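This report refers to the structure that appears directly beneath it.
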Amino acid sequence: MSSSAVHAASPKVAEREQAPRGERRPPGKEPAVRPLLQRRCACGSGAGAGGECESCAAKALLQRYSSSGSPASSQNEAAWPGSVSDTLSRAGRPLDADTRSFMESRFGPGSDFSAVRVHDDSAAAASARDVDAQAYTVGQHIVFGDGAYQPHSEPGRHLLAHELAHTVQQQGLQRSGISNLADHGPDYRRLEMEADQTADRVMRGGLTEGLNLGQGLSRSGPRLSRKPSATPAAKPAEAKDEDTGKAKPPSFEANYETTTYNRKFSLTGTAVPEQATGTVDKTEAAYKVDTLVLPPQKGQKALDYCKKNTSALHAVFDWSGGPVPTQNKAGKNEARDPTEKLQRSWLETVGHKLDKKAHARWAEVGGEKQFPKPPIGPSCELDHMQELQVGGTNAGSNLQVIDKVDNASSGGLIQQQLRQLAEQAFADAKDALGGKRPKRVSLTFGGVLMQGSPTCGICCQLSQRFVDPAVTAATDKPSVDVEVSVLGKPFTLKLPADKSKSIPLTGVNAAIASSVKGLTIISYERDPKGKGHDKLKATLDDAAIGAKPGTKSTVVTLAIGPDGVVKPLSGKLPAPIKAEFAKLSPITFTTLSMDASGVTAAGTIKPSLPLLPTLDVVLDPQGFRMGKALDPKKIKPPFPGMKVTEASVMMELAPAFKPVGTLAFEIGGAKKVADVKLTASADDQGLVLKGDLFVYIPGVDEAKGTVLYQAGQWSGGAKVEASKLKLPFVTGGAVDVSLKNGKLDANGRVDLELPGKNPASLEVKYANNRFSYSGRGRIETKSKYLKPIDAKLSVDGDLFRATGSTGIAFSGLDGTVSATYENQGGKEKVYGDGNIKIDKGRAKGSIDVKLHPNQTLTGSGKLSYEIKKDMVASAAITIDEKQKITFDGELSFPDITLFPRFPKDETPKSLFSASGSIPIPGASIGPIGLKVELYGGLGYYYYVGPGVLTGIKATVKFSPFEPDPDFAFSMKAKASIPAGGGITGTVGANVVLDAFIGKVGGGLSVEARAGLKGKAELGGEIAYAKDRFSVDASAYIGGSIELGAALKAKVFAEAGVSVFKVSTEKVWTLKEAKFDTGLSLGVRMPLHYDSVEGFRMPKLSDIQPEPAEFKLDTQKMLGNLFGAASSEEKEK
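Using the numbering used here, you'd call the opening residue of the sequence shown number 10 and step up by one each time.
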């Protein structure tokens, strides 16, 4: 046992017989006086009439309310935990509008809870734990523990109504007046009773018979009213008026913790006040008490044993001067035997000794290998069925084997009961003796009763199996009863008395599995360290979340407190709960709270349906559903080219899958081609979307069909009969539009009869976010120029179009055009462009033409025209809007030869004749000078022509297709008349010596070449008229002359001159060179040409050479040549 506590609601009344002072009445004749037996305050001091000592009453400012509805102790504001003051210093938040309206309407007219402030954050919860409260109230502040503020659940509303009643009771008073307002006397109980009654009536519907609940509440001033979290004692009976001489019975409570189980034990007085009578003197006060109350863990065997020995139920207490009386050790009570002796005594009563056989038998019936150790928990203990403190003995017949925790707790509870009674007896006796306590108090009990049903733990069971010869090793193993409370619902679990750690809660334990709506408790988990921190494991209820068959949610763990109460989850989960939803899956819950109405959890679900985004979901006692409507921006369109236009879908996910609302989509790119409007529902396989498909096919105002999404597949479409198509020339066919394979599709054929009674058909397809018609056919148009078109057919909206290549005829000319025929609402037009070839009469060429929708033809091109034989002109040609073809621009003509070259030969005219000898500059052999003796001569020549006119152009405008057009024009041309001339001839020489010395031979030759390039200057115009050209002009040809020469010379000599020892040869080499002679040559002459008469040759007298005389300095020329020569001598 680690801790214990005792609380009493009111003193217990016992009767005694006592004579007045100075005269003692005979026994049995004195009037019965019922003294008030005072109970001890929780602090250990004697309690006053209010149930507390004076010190505690002065501090009693804490009015609280437990989770089961019972009042508990109070405290002074100065003694409150710091967390309470910190919480009350915060602003809190007002009631939400719905909750406030509900409560004000139930409390009645004039109720105003606008000033009430709620505190339910983590700090508030911590302060509630510090005062052991589920909720507490100070003035207008209501503070809630973990998960206790649930204004929309029934238990949560009841708790809130109770606390609001306290705010009414404390309304209008200041905190400074607290010090003398609260106690645990009648005022305290009255206020709590009022708050409870008010909450009950609020939950039943509020006002009845015009009663204002708020006005009916007492005003007590601000106190800290709270609901303690501990399990309360049984509610005592109402106290009667003082003149009845009876008060409420005492109640006792003890808490125990063990290293194996989380267990809590309590003991309270009986419902009817106990009657006690006794005699009092200075030495001893002897009282007779009707009943000794036994805790249920003593078991049935102890109850039966004590009933047989009620005459021996006796206890004696001494007053030692301290606050707690001590039991008389010198009285009849025996001292407890050592443990081993007690074990032997019990074994002897059942025919065994403390030996190997006893150990083996103990193991055979389910215990460990050594008596009296159980398979789980601490060792079993030997309990005195009639406790030694009430006259029991150590005899084996008074012994039983029970759990250690049962033995300790039952003994402690009986000890507390005896001490409580002893305290009250001493107080009563003190009053009877005029303020003096007797030395001793004796209590004799007239009978026993057991509070609650007797229990039999694992050790008790093992002892019963030990003495039962029918039990063998093959018999079912024993179990242990574990008391667990889930959200106020008690359960007795029968767990195997072995070392198993995880125990499935099935079979006899199945009732707890569904104790929390929305949750399935699946197993009991023992603390692996054996320290009492046991847990429950649970999953979300399959039906509650619509779980996919064969799947479970991930496990959540619920801690079990020392009192066996399961601690509910509240708020954010330490780890998300994962689950698979059968219709959409998967689910992730991140928060979960529990209360009496069931589980409330929030999270997300990721639908398998591609178009749905991740959804917020909520699980609560009303069902499993989406937390908020779909956001259109987050919906993923199911098909390419779709966009969401409306989304107002909500889904009840479980227990029944009930999606409701609408979805709408638009299909198409820049131009809408369809609308889809769907209504959500469900079937056995999941989500169903069903609705209308509105298709906007070209040529149709609207085509309506149906669309269905079911079992993960899309289906549906629309069909358009030919009769609904607003297209020209339709004779039959149909178009089917469908939603399948993840896309919108179209198939169909439209039959046509085109103008000219030509049959054709159109195939309908859907691609690239648009509907298309395609086909081919032959169509005749109303154009006077076009032949029938072999066309590609298409439709765009209500526009029918035929495009293709066809022939065109115009003014006797034929060509080809790319033509387009359009029909929109019966209005036709034809247009196109192409080319017309021209080969007519003198004209040849082509024209690029354009056919306009107004049926006119225009064009432009190039044309060649034979003006006369061997004379063809070319020019641009146009067709104007009046369909007339004309030249418009310049005519281009081929080159015209005016005259041939003249003179025909190049007979040179003499320039000079060579004679005499001249020295050769730089030409010598030794001292011997050389000279040449010239011979030969030079002459010149010239030529002109042929004369050619090039680039002839004329500006003219006429119709080339007339049979014999008569026109005249003048032309501009560029004359090309080459001219040239030159110098020809050879100058030769023989070498001669200045003085004869020896034999000399050799020679040299000079070839002179001169060239002249000239130009012609032409002025005047060329005239054309009546098929005749004529031109007159004057030309000049002239230029400078450059002379090119090459020298080849060779001289040899044989002489007696000292220089020449032998024959000597000298060779001169002159590289070819050009040099300006300083001469120029030119001619001037008249020119005339007529296309009929031809070229008129100029007379020689008309040709004037320039210059008139031509001179050449041969000396200078030769000197220049030899001066630049290089020479080389060698002996032969």
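Each residue gets a CB set at the ideal place from its N, CA and C atoms; glycine is no exception. Source: prediction; values computed, not measured.
Using three-state DSSP, classify residue i as helix, strand or coil.
i, result
"Asp415", "helix"
"Pro90", "coil"
"Phe738", "coil"
"Thr464", "coil"
"Gln722", "strand"
"Asn407", "helix"
"Leu397", "helix"
"Ser783", "strand"
"Gln864", "coil"
"Thr529", "strand"
"Ala106", "helix"
"Asp95", "helix"
"Gly308", "helix"
"Leu200", "helix"
"Val125", "coil"
"Val1066", "Bear in mind that the predicted position of Val1066 carries a pLDDT of just 44, short of 50, making it unreliable; the figure below should be weighed with that in mind. The answer is coil: DSSP assigns Val1066 none of H, G, I, E or B."
"Asp205", "helix"
"Lys317", "helix"
Between residue i and residue j, how many whole angstroms is the CB-CB distance? I'm expecting something under 8 Å.
i, j, result
"Val525", "Val608", "6 Å"
"Leu763", "Ser770", "Actually they are not in contact, since the Cβ atoms of Leu763 and Ser770 sit about 10 Å apart, beyond 8 Å."
"Leu452", "Leu430", "6 Å"
"Phe153", "Leu301", "Not confirmed; about 42 Å, so no contact."
"Pro664", "Ala552", "5 Å"
"Leu601", "Phe633", "With 8 Å as the limit, Leu601 and Phe633 do not qualify as a contact, their Cβ atoms being about 13 Å apart."
"Thr207", "Glu172", "The pair is not a contact, with the Cβ atoms about 10 Å apart (cut-off 8 Å)."
"Val729", "Val709", "6 Å"
"Gly816", "Asn844", "Actually they are not in contact, since the Cβ atoms of Gly816 and Asn844 sit about 11 Å apart, beyond 8 Å."
"Gly714", "Val704", "7 Å"
"Gln306", "Thr548", "With a Cβ gap of about 34 Å, Gln306 and Thr548 do not count as contacting."
"His128", "His150", "6 Å"
"Ser523", "Pro164", "Not a contact, Cβ separation roughly 18 Å."
Can residue i and residue j be called in contact, C-beta distance under 9 Å?
i, j, result
"Val773", "Ile676", "no"
"Ser724", "Ser747", "yes"
"Leu628", "Val658", "no"
"Gly156", "Gly580", "yes"
"Lys796", "Ala811", "no"
"Asn403", "Met394", "no"
"Ile521", "Val495", "yes"
"Ile614", "Leu582", "no"
"Gly214", "His323", "no"
"Val476", "Leu545", "no"
Quick check on the burial criterion: 16 or more other C-beta atoms within 10 angstroms. Buried or exposed for residue i?
i, result
"Arg353", "buried"
"Ala470", "One detail in the question is off: residue 470 reads as Gln in this sequence, not Ala. When all chains shown are included, Gln470 counts as buried."
"Ala369", "exposed"
"Met202", "exposed"
"Leu458", "exposed"
"Asp1162", "Residue 1162 lies beyond the stretch modelled for the chain, which goes from 10 to 1141, so this question has no answer here."
"Ser320", "exposed"
"Lys642", "exposed"
"Arg102", "exposed"
"Pro478", "exposed"
"Asp327", "buried"
"Glu349", "exposed"
"Lys749", "exposed"
What beta strand (DSSP E) runs, 3 residues minimum, are completely inside the segment 128–186?
142–147 and 150–153
Which runs of the alpha helix (DSSP H) fall wholly inside the segment 538–626 and span at least 4 residues, in chain order?
551–554
Please go through the segment 645–709 and give each complete beta strand (DSSP E) segment of 3 or more residues, from N-terminal end onward.
651–656, 659–663, 667–669, 671–677, 681–692 and 695–704
Segments assigned beta strand (DSSP E), at least 3 residues, entirely inside the segment 801–829:
808–819
Enumerate, from N- to C-terminal direction, the unbroken alpha helix (DSSP H) stretches of 4 or more residues contained entirely within the segment 319–395.
348–358 and 365–373
Return the chain-ordered ranges of every alpha helix (DSSP H) run that is complete within the segment 421–479 and spans a minimum of 4 residues.
467–476
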